[in-house]
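Engineer: First residue of the first sequence? That's 56 in this note's numbering, and the numbers climb one at a time after it.
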Amino acid sequence: MRDLETLKRQQEALARRVRLEPLPHEPETIGGADVSYSRSLRRLVASVVVLRWPSLEPVEEAFVEAPVTFPYVPTFLSFRELPALLQALERLKRRPDLLLVDGQGIAHPRRLGIAAHLGVVADLPTIGVAKHRLVGEYEEPAPEAGSATPLYLEGEQVGWVVRTRTGVKPVFVSPGHRVTLADSLRWVLATCRGYRLPEPIRRADHRSRMRVRKRREADPELWR
DNA sequence: GCGACAG
DNA sequence: ATCTTGTCGC
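1) Pro225 and Val216: beta carbons closer than 8 Å?
2) Out of Trp242, Ile161 and Ala143, state which residue places its alpha-carbon closest to the alpha-carbon of Pro288.
3) Are the beta-carbon atoms of Arg98 and Ala121 separated by less than 8 Å?
4) Over the uninterrupted beta strand (DSSP E) stretch that includes Ala88, give me the two end residues.
5) Indicate the three-state DSSP secondary structure (helix, strand or coil) for Val104 in the structure shown.
6) In angstroms, rounded to a whole number, what distance separates the CA positions of Ile169 and Val156?
7) Assess contact between the segment 126-135 and the segment 102-116, defined as three or more Cβ pairs (one per stretch) separated by less than 8 Å. Is contact present?
8) In its own chain, which residues sit with a C-beta less than 6 Å from the C-beta of Gln142, not counting the 5 before and 5 after it?
9) Looking only at its chain, what residues have a beta carbon closer than 6 Å to the beta carbon of Arg257, apart from the 5 residues adjacent to it on each side?
10) Return the chain-ordered list of same chain residues with a C-beta closer than 7 Å to the C-beta of Phe134, the five sequence neighbours on each side being excluded.
11) Taking the C-alpha atoms as reference points, what is the distance between Leu96 and Ala139?
12) Can you have a look at Leu206 and say buried or exposed, based on whether 16 or more other CB atoms are within 10 angstroms of its CB?
13) Go ahead and label Glu136 buried or exposed: buried means 16 or more other beta carbons lie within 10 angstroms of its beta carbon, across all protein chains shown.
14) What runs of the alpha helix (DSSP H), each 4 residues or longer, lie entirely inside the segment 162-227?
15) What does the Cβ neighbour count give for Gly210, buried or exposed, with the cut at 16 atoms within 10 Å?
16) Looking only at its own chain, which residues have a Cβ that is under 6 Å from the Cβ of Val223, when we skip the five neighbours before and after it?
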C-alpha cells in the first residue's frame, strides 16, 4: 500500500476545496451511493441509484464491479471505494442534483470523508450518512424519530447525530460538498421513510448486495 | 504503551 | 464490509 503520509497530504489539499454552501434550488433528483464487498469474488460492487424528489420513485441506477486495490484503513476509506463509485456515477445518463453517500462527509480527522472526497472530485453536492461514528463528540439525541444533536470535532460542528427511527440507533450525518450543515440534516430527514437509513442509501445498499448475490450464483463453485 | 477506529 | 441461526417484537 502507498505511503499514508502522502495520502494524508492529498486529503488535506482536497479538503481545502470543500465548500459548504446552500443548494442552489430544490433538487429534482436525489441519489444514493454504496459499495458492497464479496470475499469469494474478491470484488467491490459500487451502486448508485437516482430517485425523483419528492416522490422517491426510481429514475435509474448504475453498477460497477472492481477488484480490490487498497485495504480498508480507517480514515483512508475513499482510496479503496471511491474509484468504483466514480465509475458508477459516470455510467448514469444524468447525475442527481444531490447525492447521499454511505460514510462520512467532513466528520473526518482531515475533514475529507468519502462523501466530501467524492463531492470535490465529481463537483457534486453530497452528504455523508454513516452507521457508526468515526470521530467527534456528541450527546445522545432523544429517542424520538427526528431528533438530532450536533457532532463536534476540535471545537467546531462537523455534523449531526440523527435519530431517524424512534428507539433505534442514530446515524451520523455530515455535509460532503456544496451543501450546508442545515441542508445535510434537512435532506436526510426528508428522505427517510420509516427505516434507519434514508431511502436513496437504503436502496443503493439493497441493489449492490443483490448484485453481489446474483454474480456469485452465476459462477460455478468458488464460495468461501 | 493503550484504546479508538466510516466500510 | 462479510460471516452466520435463531429469536424477539411490531
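Yeah, the Cβ is synthetic: ideal placement off N, Cα and C, and Gly gets one too. Only a predicted model underlies this, so the values are computations on that prediction, with no experimental measurement involved.
Structural biologist: By the coordinates alone:
1) To locate residue 225, count along the first sequence from 1; it is residue 170. To locate residue 216, count along the first sequence from 1; it is residue 161. Their beta carbons are under 8 Å apart, which means Pro225 touches Val216 by this criterion.
2) Outside the displayed span of the chain (56 to 279) sits residue 288, for which this structure offers no information.
3) Reading the first sequence from its first residue, position 43 is the one you call residue 98. Reading the first sequence from its first residue, position 66 is the one you call residue 121. Yes, the Cβ-Cβ distance between Arg98 and Ala121 is below 8 Å.
4) Taking the first sequence and counting its residues from 1, the one referred to as residue 88 is at position 33. Run containing Ala88: Thr84 to Ser93, per the beta strand (DSSP E) assignment.
5) Taking the first residue of the first sequence as position 1, residue 104 is located at position 49. It is a strand residue.
6) On the first sequence, residue 169 is found 114 positions in, with the first residue counted as 1. On the first sequence, residue 156 is found 101 positions in, with the first residue counted as 1. Looking at the two C-alpha atoms, the distance is approximately 8 Å.
7) no
8) Walking along the first sequence from the start, residue 142 turns up at place 87. Hits under 6 Å: Val119.
9) Sequence index remark: in the first sequence, residue 257 carries index 202 (1-based). Hits under 6 Å: Tyr250.
10) Locating residue 134 in the first sequence gives position 79, counting from the first residue. Correct list, in chain order: Leu62 and Phe125.
11) Residue numbering aside, residue 96 sits at position 41 when the first sequence is read from its first letter. Residue numbering aside, residue 139 sits at position 84 when the first sequence is read from its first letter. Distance between the alpha carbons of Leu96 and Ala139 is about 15 Å.
12) Residue mapping note: residue 206 aligns to position 151 of the first sequence, counting from 1. Buried: at least 16 other Cβ atoms inside 10 Å.
13) Here residue 136 refers to the residue found at position 81 when the first sequence is read from its first residue. Classification of Glu136: buried, given that the 10 Å Cβ count is 16 or more.
14) 169-177
15) Here the question's residue 210 lines up with position 155 in the first sequence. By the 10 Å Cβ count, Gly210 comes out exposed.
16) Numbered from 1 along the first sequence, position 168 holds the residue referred to as residue 223. Answer for Val223: Arg251, listed in chain order.
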